[in-house]
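>
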Amino acid sequence: MSVNSADLAKLYPLDSLRPENLEQLAREATTEELGRGAPLFSAGETDEHTIFVLSGRVRGEYPDGKVKETDASTLQGRYALGDIQPRRFSATVSSISATVARIDRRYMEKIICWDQLSRTENFRHWDPSPEANRWVFRLLQSRVMHKLPTAGIERMFQRFEQVDVRNGEVIVREGEPADFFYVIKDGTATVSKSLETGDSIVAYLVRGDSFGEDALLANTVRNATVSMIKDGQLMRLAKRAFDEVMKPPAVDWLTPGKASIFARQGAVVLDVRLPEEFEQRAIKGAINTPLYTFRETVSTYDRGKKYVVYCNTGERSAAAAFIMAKMGFEVYALQGGISGMIKQIDRKA
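Per our numbering, the sequence shown starts with residue -12, numbered consecutively.
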């Protein structure tokens, strides 16, 4: 069930947000009606949600026996319920019924950060026009942005440069060196690739979509051409700014030992090198999915599975992991490339 923004406006620190930011959180939050004794979380658990009690009472029991009651009608009820991770106590509904709201913790922090940034003097990227900041909300919703620390969000907006673009303008061209990371603030673009039969459109990009990160992460040339089909504006980060702000947290890395454990537990192992490299030497059981066809291939994969991607050094697998994370996959890149994992597998054989 959705949440009324008026209910969120009573809660701390959400009560200080601009109306449009509060509305955005309300659209993403959910509410639950729960009966007496219903569990909310247990001591020691780690989860992704901030929980507020909108009505009723919740009992918190600490491992040492200490007990605390949270009543939505009191001042204490304005605050999130035991939001420290891992959870320090177990929470259950103690009233006849209770209504609780759940909000993705990382997304909430990103929206609060954006709200505060947009109020600072000389901040260039907030637009008071209705719906003008929708690109920000969509960008912050992406799984890749969830991995970016709040401080990184601030640096990203500070270093964004806005450029006006026109219908028909080519922004990046397949085969050319990578220089910028882009986000569409307004407008529409196509993504096309050169095939034997000619150029083919493989995707459309709209407000809030990002592009250009693949080549920056892999330190290689552009693997597609992006052209505008509607006038608009782009936000961009130069390569150096991208490397400093977004590249370090963009990918979840695994050591060869941990990657081997994941593989034995059923994770799908993807080799993103060229077919010729794969034929010469590959990890047993791996699926060859070259980086240049990656976006089209992985769209058919099962999002319910865990993935480990690898290449020779880690650069191509970083780009592949970034792409998969944006598409909603649980994905990890192999640190150091293929050699380390083969040694681990041989050691266990």
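Backbone N, C-alpha and C fix where the C-beta goes; we use that ideal spot for every residue, glycine too.
1. How many Å lie between Ala225 and Ala165 at the Cα?
2. Give me the Cα-Cα distance between Val159 and Leu204, rounded to the nearest whole angstrom.
3. By Cβ distance, which residues of its chain are closer than 6 Å to Ser77, with the 5 residues on each side in sequence left out?
4. If you draw a straight line from the alpha carbon of Asp230 to that of Glu200, how long is it in whole angstroms?
5. Arg146 to Glu20, Cα distance in whole Å?
6. Could you work out which residue in Trp240, Gly162, Arg121 and Asp34 is closest to Thr207 when comparing CA atoms only?
7. Do the CB positions of Trp122 and Gly219 come within less than 7 Å of each other?
8. Name, in chain order, the residues that DSSP records as bridge partners for Asp2.
9. Please classify Gln63 as buried or exposed, where buried requires at least 16 neighbouring CB atoms within 10 angstroms.
10. Note down the Cα distance separating Ser82 from Asn(-9), rounded to an integer number of angstroms.
11. So, with DSSP's three-state summary, where would you put Trp101?
12. What residue range is occupied by the uninterrupted alpha helix (DSSP H) comprising Gly69?
13. Per DSSP, what are the beta-bridge partners of Asp91 in this structure?
14. Given a threshold of 16 other Cβ atoms within 10 Å of its Cβ, counted over all protein chains shown, does Ala138 qualify as buried or as exposed?
15. Could you check which residue in Lys180, Thr287, Asp151 and Val157 has the C-alpha nearest to that of Asp173?
16. Is it the case that the region 178 to 186 contacts the region 245 to 253, given that we only count it when at least three CB pairs across the two stretches are under 8 Å?
17. My assumption, with CB atoms under 8 Å, is that Val338 sits in contact with Val259. Please give the rounded CB distance.
18. Of the choices Leu257, Asn210, Leu261 and Glu118, whose alpha-carbon is the least far from that of Glu7?
19. Distance, Cα to Cα, Arg44 vs Glu15?
20. Tell whether a beta-carbon distance below 7 Å holds between Leu9 and Ala(-4).
21. Quick one: grab the DSSP three-state call for Asp166.
22. With a CB to CB cut of under 7 Å and the five nearest residues on each side skipped, what residues in its chain are close to Thr37?
With the given structure in hand:
1. 9 Å
2. If I take the Cα positions, the gap works out to 15 Å.
3. Once the five neighbours on either side are set aside, the close Cβ partners of Ser77 are Ser29, Ala30 and Glu48.
4. 10 Å
5. In this structure, the alpha-carbon of Arg146 lies about 43 Å from that of Glu20.
6. Gly162
7. no
8. The partner list for Asp2 (beta bridge, DSSP) is empty, contrary to what the question assumes.
9. exposed
10. 22 Å
11. helix
12. Per DSSP, Gly69 belongs to no alpha helix (DSSP H) and is neither H nor E.
13. By DSSP's assignment, Asp91 forms a beta bridge with His36.
14. exposed
15. Asp151
16. no
17. Only positions -12 to 336 of the chain appear in this structure, which leaves residue 338 out of reach.
18. Glu118
19. 24 Å
20. yes
21. Under the three-state reduction of DSSP, Asp166 is assigned to coil, being neither helix nor strand.
22. Ala67, Asp70, Ile90, Arg92 and Met95
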